[in-house]
Amino acid sequence: MEKVGLERHTSKQFDADLEDVRELVLAMGGLVEQQIADAVRSLITGEGGLGEEVVRGDREVNRMELEIDEQCTRILARRAPQAGDLRLIIAVAKTITDLERIGDEAEKIGRMATQLASYDRPKSAFRQIEMLGRHVREMLRDALDAFARLDSEAAVRVSQADAEVDREYEGVVRQCITYMMEDPRTIRHMLDVLWAVKALERIGDHATNIGEYVVYFVEGKDVRHIGLEAMEKEVANSSRRRKQSE
Amino acid sequence: MERTWVKHSTKMSVRDLSVWYGEKQALHGVSMDVAENEVTALIGPSGCGKSTFLRCLNRMNDLVQGVRIEGEVDFDGENVYAPHVDVVELRSHIGMVFQKPNPFPKSIYDNIAYAPKILGKVRRRTEMDDLVEGSLKRAGLWEEVKDRLQMPGLALSGGQQQRLCIARAIAVSPSVLLMDEPCSALDPVATATVEQLIDELKENYTIVIVTHNLQQAARVAGYTAFFHLGNIVEFSDTDSMFTHPREKRTEDYITGRYG
């Protein structure tokens, strides 16, 4: 199959419509990425005000989801897109659902951060959380980059990174359990911390989903629920076929 | 071109078909299978050879001056271009419906009865009545015209006329129906009715349809072939064609990037 592009429709307005929707997704992605960054920072540093800002910021994320959804519906109704164009719209509609969920997870972390603001935090556990937060944010950025550059191989790397994030998550959970066993008075706070950590792990899953939509859009292959190894194989095969025909 | 073998049994099989109109070559050795009891759509820009291809299936191109045809068109295992084939007989097996509804300037009844009478297939009046009723029923027109069978066919609406032509085509019990843009002169409601009819007809007939309306191909066809410059660029099941075509030229055409 041929590499998909967005331009060169006989109808220039169609080109513009698709470009608009694509830019909106990237803008929404950028906003969500910032939400994660702020949420994690407020959790690590205990800046309660920042956590509240994240909670408020989620409203804009929700608004963008609705706007892009409406654009997709309009394009489906008016243009009846086919092939690569159709896959783009389907991928966008799914991507923004995951972005909105990521926004909700960031909001959750922001809320926990506000609750934990005055609490004395154990250094080493929070260093690990900071690292986990940085990694899931990178996953999201890579997934969005893959979407922007129509790069299915980069999308596969997002899935690969998720395995590492899951391991880090397990590590943080173990450490939190250790604290709780050492000092039962920390249990209440540590449970809040665990909620926030779980939210980060979920963000990694959503970023992985977005990578899978990129593969569907670019290669026309549905790689959900088939496992990482099968996904790697599918993408290697179809991008080889595509390059041969170029 | 990557071959797609049809998953259904093959009703017609075209091998290395080339067609020239005088000096101009319209088809360049194309091959394709037509699946039995399925709808196969032929799409492509104007002048790509899809109508030429369709018309070769029941030898309608024989009538064109200066035409030269090479290759094989097998119908139930027999080449329709073999010397002993009776073309009139052939066309009773492979019927055709045209772009513009073209009823005979006769009554609704006689439009259906004409060909069976000429071919001597039906002699008794009651038998003919049954055939007219059955054909109109299968074309989904019976309820609308049963009280006015002696009215001129041309007095019907465009969509009804087209269904009358379909009824006329199936009155001689063909097994294949060729349709050359059967809905291009119809409004959306009549188009939907004809498409619904096509859906019902495929149970008993093999249908090949040429259409400029890509959405129509996507709606009615099980298989789709994309023609370009006298070649078949891609032939596959319709779902694949419209969600992930293999060829860049197909993608460009169906997404509106042609030219």
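Protein sequence lines, in the order shown, are assigned to chains U and D. In the numbering used here, each residue carries its 1-based index in the first sequence increased by 682. Residue numbers are given in the numbering used here: position 123 of the second sequence equals residue 117, and the series is strictly consecutive. We put the beta carbon where it would ideally sit given N, CA and C, even for glycine.
Asked, Found
"Closest by C-alpha distance to Lys790/U, when choosing among Leu725/U, Asp904/U, Ile908/U, Val896/U", "Leu725/U"
"Chain D contact for Ser693/U (CB, 8 Å cutoff)", "yes"
"Partners in chain U for Phe236/D, counting only beta-carbon separations shorter than 8 Å", "Gln764, Ala765, Leu768"
"Span separating the alpha-carbon of Glu911/U from that of Met862/U", "37 Å"
"Where Gln764/U falls, given that 16 or more other Cβ within 10 Å makes a residue buried", "buried"
"Val736/U and Ala788/U closer than 8 Å at C-beta", "yes"
"Proximal residues of chain U, C-beta to C-beta of Gln210/D below 8 Å", "The premise fails here: Gln210/D is roughly 11 Å from chain U at the closest Cβ pair, so nothing lies under 8 Å."
"Within 8 Å, strictly: CB atoms of Phe899/U and Ala773/U", "yes"
"C-beta neighbour in chain U for Arg53/D, strict 8 Å", "no"
"Gly89/D - partner residues in DSSP beta bridges", "Leu171/D"
"Pick from Val8/D, Ser101/D, Val126/D, Asp104/D that is closest to Phe47/D, judged by C-alpha positions", "Val8/D"
"Spatial neighbours of Leu148/D in its chain, beta-carbon cut-off 8 Å, leaving aside the 5 residues before and after", "Pro97, Pro99, Gln155"
"Cutoff 8 Å: Arg251/D Cβ touching any chain U Cβ", "yes"
"Secondary structure of Pro627/U, DSSP reduced to three states", "Since the displayed chain U opens at 683 and closes at 928, residue 627/U lies outside it and no answer follows."
"Asp833/U - DSSP class collapsed to helix/strand/coil", "coil"
"Glu245/D - DSSP class collapsed to helix/strand/coil", "helix"
"Phe680/U at chain D interface by Cβ criterion, 8 Å", "The question about residue 680/U has no answer, for chain U in this structure spans 683 to 928."
"Interface partners of Arg690/U on chain D, CB under 8 Å", "Asp246, Arg251"
"Cβ neighbour criterion (16 or more within 10 Å) applied to Leu180/D", "buried"
"Integer Cβ distance of Ile164/D from Ser129/D, believed to fall under 8 Å", "6 Å"
"Continuous beta strand (DSSP E) stretch holding Arg251/D: start and end", "No beta strand (DSSP E) contains Arg251/D, which DSSP labels as neither H nor E."
"Three CB pairs or more closer than 8 Å across the region 689 to 705 of chain U and the region 795 to 811 of chain U", "no"
"His222/D versus Asp697/U: straight-line alpha-carbon distance, rounded", "24 Å"
"Three or more C-beta pairs below 8 Å linking the region 802 to 819 of chain U and the region 848 to 857 of chain U", "yes"
"Phe282/D (DSSP reduced to helix, strand or coil)", "Since the displayed chain D opens at -5 and closes at 253, residue 282/D lies outside it and no answer follows."
"Span of the beta strand (DSSP E) around Tyr15/D", "4 to 15"
"Sub-8 Å separation of Arg85/D and Asn55/D beta-carbons", "no"
"Cβ neighbours of Ile885/U in the same chain (closer than 6 Å, five flanking residues each side left out)", "Ile784, Glu787, Val818"
"7 Å CB neighbourhood of Asp233/D in its chain, flanking five on each side removed", "none"
"Closest Cα partner of Thr34/D within the set Asp246/D, Leu113/D, Leu172/D", "Leu172/D"
"Whole runs of the beta strand (DSSP E) within the region 866 to 919 of chain U, excluding any shorter than 3 residues", "none"
"N- and C-terminal bounds of the beta strand (DSSP E) containing Ala20/D", "18 to 29"
"Ala807/U, DSSP secondary structure in three states", "helix"
"Assumed close pair Asp767/U, Thr249/D - CB separation to whole angstroms, cut-off 8 Å", "5 Å"
"Proximal residues to Gly134/D (C-beta, below 8 Å), its chain only, five neighbours per side dropped", "Arg157, Thr187, Gln190, Leu191, Glu194"
"Sufficient close CB pairs (3 or more, under 8 Å) joining the region 205 to 213 of chain D to the region 872 to 891 of chain U", "no"
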